[in-house]
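Asker: Starting off with a structure, shown below.
Protein chains in written order, with our numbering: chain B, 4 to 471; chain Y, 4 to 471.
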């Protein structure tokens, strides 16, 4: 090979290198423009906020199995029918059937600082006291371990009051929630085993105010359920103050009912068939049910609306998906996960492959990015591919971090796609979570729209490039 | 030199490398722990939210030169007296003296859709119509250029209505503000030059609601001032709808007064003398004045409180500053910048050197980082030093970006230190800016505290390491 031909080759090689790199750059620019267009449309033209208004105000709080839950299913289907899905269908599931009953009465009957009302909500899936209510002396504890250490003789017939506050030093408030919620989920079961007659839990929030936060409590066929309520943080502090001065005796009346029979309800699913890789599914979803109090705005109206907005925005950019895009509004995330479980079961049975699934269930605040999770066999390799898209998303304040995705999609992990959790700013979420003030007023329209754009951008990249 | 000695040297060199790198690592770990402690204390023990409550509720809206402005000076001094400053003093300045007068009356008197009220606020520094008000036909325009293009004969005796909305596609809402605010600042002056009798400006916000946003308008000794009001975005849309159907005639009554004589008022300054480099000043500040409507919570109560919290938190970690830490609550940022100008003048006259100045005047939302600015002679070199601290701040969601700092500290640039602007999430800021709803309820306690911790962490790093 002559020097000339060598140098010619070298020149060609260089030329190819430049061409490839220029193509890469051009792709990057095209991608950036497309993502910019998605944001523009989200911020200017999306119907998301109107949908959320209707879901939270016209349908309202919508517990699985309630009439409002059924109305939410209809509403979800109706919105889907206005979008360009190839198919929209309902998927059956059987949810626990719990009803709150009358407004809760919880009152300090006797204490060193007198008698006073406590703002309270029965915990979801708990049993009622019956119409006469119950009365008991209160023992304040900070942890399940403290309860474990107490002899049954001391606990018998008492009301256990779990009063460990959120750890305010957690920057991500979900970590504070994770560090306190065992009191609500497992506290009543353990208290029952030790002979307590009822449980009072401090509300799961950083905020000191008068809003009680409901939420699910555990059930166990082998443990007798006892009444359990959450009281507001202000009242928890007041009850604690009373207990520091002497014994306190509390009256609780809840008429909630945990029905024996589960109730038939539905996931709402819309699907756009992929043009080139229909067998690779990209799921976007939130959960359609909410607690009965409030409007279920941040939990999880915004997640449902985000997921619908993804479809709306892909339509607005005239995008024809390569892969199958499936929007799932899951039922019964709050008190049973029946929707998620039914979905996973059907999906594995059909031999499906979710290349990616994204759940939005952390509220509709300013987007910060996505958590990414996946089966250990594939995670590193696929995470790297996604991470390479970061320069396209950083201008919108987004990043990726490793971490759990969402309750409704976690069961898809064994399909070895990637699972994402939409990650908005977390500071205000637990001001509203599971309360009567989780209404549309707590959702900022632009923040909602930016969340939808973030999810759409990610779906678009996933669909365009796939994951190998 | 023998091979042995060479390899011995190499071993030593390696050892030194490792030692230096280990020391670096240890510093990094110590710094991370110190910053973590600052956040912990801010989130658990700071009095900031209580101070903000009092400033916004007890003092309230506090225009420079008003009785409330004077009360704010007293309040600022009082809080400073509870902190460990070496000196607390007032710095004189002379602010424009403007009074709003009676509640504004703005009404569409005749139009194709009838007559209706417009929610309005007079612009700061504008002149009143007098008690009889004025009436005029309205010309709607989208820009100053459109006004420039109109012949004076068409403008004479008319009311000019500037109705260019915010650009919703701007991710940072301050950019949208920057792209619209010329209508408010320069629109009335230009309209006067063209012979208009008054100006109506669409409120400076993304949000479509019924809250008018006031704000300063320009003055020019050579141009006759004319009355100018801002109307709510909802009413701007309604007025625009009327104008699409035919002419509209609007009545405006404002009794605001722009006094000839400026009024004596004060910056409030607290100082901790540095122990090793007292001649290097690190300034933290916000502006103490606010518009008269609302409580001036996000604008700029949070900035004042952040700055006071920096001192509070440095005290809580028992930190003895190397450099002089100066906390400045500037007066009259809103309608004159008299406080900033007086401060700069005194500082240059005294030959001071502000090694760094940090202003918080973008609200009290979740912190995202800092803008950094500085004289071109020193910027690159010093910015790099600050940028190297990023790994310590990223865990708290912070970053640095090049950009303007704050109105009150901009004049310090020629001292060739670095100027920082505290940068919180911007999505909600213009929902409240210059309105009657900028109250404590719009401020989230945790978000405020995290802002204070961010600023304290930066001050601590600046003080510990200095800038070369």
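Idealized CB from N, CA, C, for every residue including glycine.
None of these values were measured; they are calculated from a predicted model.
Do residue 452(B) and residue 491(B) have their beta-carbon atoms positioned less than 8 Å apart in this structure?
Answerer: Outside the shown range of chain B (4 to 471) lies residue 491(B), about which nothing can therefore be said.
Asker: Under the assumption that residue 40(B) contacts residue 320(B) (Cβ atoms under 8 Å), give the Cβ distance between them as a whole number of angstroms.
Answerer: By 1-based counting over the first chain, the position of residue 40(B) is 37. By 1-based counting over the first chain, the position of residue 320(B) is 317. Correct: roughly 6 Å between the Cβ atoms.
Asker: Give a yes or no on whether the C-beta atoms belonging to residue 303(B) and residue 336(B) are separated by under 8 Å.
Answerer: Locating residue 303(B) in the first chain gives position 300, counting from the first residue. Locating residue 336(B) in the first chain gives position 333, counting from the first residue. Contact: yes.
Asker: Counting only C-beta atoms, is residue 43(B) closer than 8 Å to chain Y at any point?
Answerer: If you number the first chain from 1, residue 43(B) lands on position 40. Yes, because at least one Cβ of chain Y sits closer than 8 Å to the Cβ of residue 43(B).
Asker: Cβ atoms of residue 462(B) and residue 266(B): under 8 Å apart, would you say?
Answerer: Your numbering for residue 266(B) matches position 263 in the first chain. Your numbering for residue 462(B) matches position 459 in the first chain. No, these two residues do not count as a Cβ contact at 8 Å.
Asker: Taking Cβ-Cβ distances shorter than 9 Å, what residues in chain B pair up with residue 174(Y)?
Answerer: Counted from its first residue, the second chain places residue 174(Y) at position 171. Per Cβ cutoff of 9 Å: 42, 46, 398, 399, 400, 453.
Asker: For residue 87(Y), is the beta carbon positioned less than 7 Å from some heavy atom of the ligand FAD?
Answerer: Within the structure as shown, the ligand FAD is missing, as the structure has no ligands at all.
Asker: Name the residue from 274(B), 80(B), 69(B) whose alpha carbon lies nearest to the alpha carbon of residue 54(B).
Answerer: One-based indexing of the first chain puts residue 54(B) at position 51. Here the closest residue by C-alpha is 80(B).
Asker: So, residue 124(B) versus residue 232(B), is the Cβ gap smaller than 8 Å?
Answerer: Here residue 124(B) corresponds to residue number 121 of the first chain, with the count starting at 1. Here residue 232(B) corresponds to residue number 229 of the first chain, with the count starting at 1. Yes, the Cβ-Cβ distance between residue 124(B) and residue 232(B) is below 8 Å.
Asker: Helix, strand or coil for residue 405(Y)? Go by DSSP, reduced to three states.
Answerer: In the second chain, residue 405(Y) corresponds to position 402, counting from 1. Residue 405(Y) falls in the strand class under three-state DSSP.
Asker: Starting from the N-terminal side, write out each stretch of the beta strand (DSSP E) that is 3 residues or longer and does not extend beyond the stretch 375–450 of chain B.
Answerer: Counting whole runs of 3 or more residues, the stretch 375–450 of chain B contains the beta strand (DSSP E) stretches 402–405, 421–427.
Asker: Going by beta-carbon coordinates alone, are residue 311(B) and residue 86(B) separated by less than 8 Å?
Answerer: In the first chain, residue 311(B) corresponds to position 308, counting from 1. In the first chain, residue 86(B) corresponds to position 83, counting from 1. Yes; because the gap between Cβ atoms is below 8 Å, this pair is in contact.
Asker: Mind listing the chain Y neighbours of residue 430(B)? Cutoff is C-beta to C-beta under 7 Å, in chain order.
Answerer: For the purposes of this step, residue 430(B) is identified with residue 427 of the first chain, where counting begins at 1. Result: 369, 447, 449, 450.
Asker: Closest to residue 78(Y) by CA distance: which of 100(Y), 292(Y), 348(Y), 445(Y) is it?
Answerer: Here residue 78(Y) corresponds to residue number 75 of the second chain, with the count starting at 1. Comparing Cα-Cα distances from residue 78(Y) to each of 100(Y), 292(Y), 348(Y), 445(Y), the minimum goes to 292(Y).
Asker: Find out if the Cβ-Cβ distance for the pair residue 161(B), residue 199(B) is shorter than 8 Å.
Answerer: Sequence index remark: in the first chain, residue 161(B) carries index 158 (1-based). Sequence index remark: in the first chain, residue 199(B) carries index 196 (1-based). Contact flag set, yes.
Asker: Would you kindly check if the distance between the Cβ of residue 424(B) and the Cβ of residue 406(B) is under 8 Å?
Answerer: Your numbering for residue 406(B) matches position 403 in the first chain. Your numbering for residue 424(B) matches position 421 in the first chain. Yes, they are a contact pair.
Asker: Where do the N-terminal and C-terminal ends of the alpha helix (DSSP H) with residue 192(Y) fall, by residue?
Answerer: Position 189 of the second chain holds residue 192(Y). That run of the alpha helix (DSSP H) goes 190–196.
Asker: Return the CA-CA distance between residue 469(Y) and residue 385(Y), expressed in angstroms with no decimal places.
Answerer: Reading the second chain from its first residue, position 466 is the one you call residue 469(Y). Reading the second chain from its first residue, position 382 is the one you call residue 385(Y). Roughly 10 Å between the two C-alpha positions.
Asker: Quick check on this structure: which residue in 270(B), 361(B), 29(B) has the alpha carbon closest to the alpha carbon of residue 287(B)?
Answerer: If you number the first chain from 1, residue 287(B) lands on position 284. Ranking the options by Cα distance to residue 287(B), first place goes to 361(B).
Asker: For residue 274(Y), report the span of its beta strand (DSSP E) as first-last.
Answerer: Position 271 of the second chain, counted from the first residue, corresponds to residue 274(Y). It spans 266–275 - the beta strand (DSSP E) in which residue 274(Y) sits, taken as one unbroken run.
Asker: Shortest alpha-carbon distance to residue 96(Y) belongs to which of 445(Y), 60(Y), 446(Y), 339(Y)?
Answerer: By 1-based counting over the second chain, the position of residue 96(Y) is 93. Checking every option, the nearest Cα to that of residue 96(Y) belongs to 339(Y).
Asker: Straight-line CA distance for residue 4(Y) to residue 31(Y)?
Answerer: Sequence index remark: in the second chain, residue 4(Y) carries index 1 (1-based). Sequence index remark: in the second chain, residue 31(Y) carries index 28 (1-based). Summary for residue 4(Y): the model assigns pLDDT 39, below 50, so the residue's position carries little reliability; its value from the coordinates is reported in the next sentence. Their Cα atoms are separated by approximately 38 Å.
Asker: Return the residues of the stretch 282–309 of chain Y that lie within a Cβ-Cβ distance of less than 8 Å from chain A, sorted by chain order.
Answerer: You won't find chain A in this structure, because its protein chains are B and Y.
Asker: Specify whether the stretch 424–438 of chain Y and the stretch 369–382 of chain Y touch according to this definition: at least 3 beta carbon pairs, one from each stretch, less than 8 Å apart.
Answerer: The answer is yes - the stretch 369–382 of chain Y touches the stretch 424–438 of chain Y, with three or more Cβ pairs under 8 Å.
Asker: Going along the chain, which residues of its own chain have a beta-carbon closer than 7 Å to the beta-carbon of residue 450(B), five neighbours each way excluded?
Answerer: In the first chain, counting from the first residue as 1, residue 450(B) sits at position 447. Excluding sequence neighbours, residue 450(B) sits near 367, 368, 369.
Asker: Counting only the same chain and skipping the five closest in sequence on each side, list residues whose C-beta sits under 7 Å from that of residue 299(B).
Answerer: Here residue 299(B) refers to the residue found at position 296 when the first chain is read from its first residue. The residues are 59, 64, 65, 293, 441.
Asker: By DSSP, does residue 70(B) sit in helix, in strand, or in coil?
Answerer: Here residue 70(B) is taken as the residue at index 67 of the first chain, counted from 1. Correct three-state label for residue 70(B): helix.
Asker: With 8 Å as the threshold, decide whether the Cβ of residue 34(Y) is near any Cβ in chain B.
Answerer: Here residue 34(Y) refers to the residue found at position 31 of the second chain. No, because no Cβ of chain B sits closer than 8 Å to the Cβ of residue 34(Y).
Asker: With H, G and I counted as helix, E and B as strand and the rest as coil, what does DSSP make of residue 1(B)?
Answerer: No answer is possible for residue 1(B): it lies beyond the span of chain B, which begins at 4 and ends at 471.
Asker: Quick one: which chain Y residues come within Cβ less than 9 Å of residue 57(B)?
Answerer: Translated into positions along the first chain, residue 57(B) becomes position 54. The premise fails here: residue 57(B) is roughly 18 Å from chain Y at the closest Cβ pair, so nothing lies under 9 Å.
Asker: Which value, in whole angstroms, describes the spacing of the CA atoms of residue 472(B) and residue 136(B)?
Answerer: Residue 472(B) lies beyond the range of chain B shown here (4 to 471); nothing can be said about it.
Asker: Of all the residues that make up the stretch 143–172 of chain Y, which are near chain B by a beta-carbon distance shorter than 8 Å?
Answerer: Going along the stretch 143–172 of chain Y in chain order, one finds 171, 172 with a Cβ nearer than 8 Å to chain B.
Asker: Contact check, residue 408(Y) vs residue 438(Y) under 8 Å by CB: the rounded distance?
Answerer: For the purposes of this step, residue 408(Y) is identified with residue 405 of the second chain, where counting begins at 1. For the purposes of this step, residue 438(Y) is identified with residue 435 of the second chain, where counting begins at 1. No, residue 408(Y) and residue 438(Y) are not in contact; Cβ-Cβ is about 25 Å, not under 8 Å.
Asker: When we look at the beta-carbon of residue 387(B) and count the other beta-carbons within 10 Å, is it buried (16 or more) or exposed?
Answerer: Indexing the first chain from 1 puts residue 387(B) at position 384. Result: exposed.
Asker: Taking one C-beta from the stretch 215–230 of chain B and one from the stretch 169–183 of chain B each time, how about it: are there three or more such pairs within less than 8 Å?
Answerer: No, they do not touch.
Asker: Say whether chain B places a C-beta atom closer than 8 Å to the C-beta of residue 517(Y).
Answerer: With chain Y covering 4 to 471 only, the question about residue 517(Y) has no answer from this structure.
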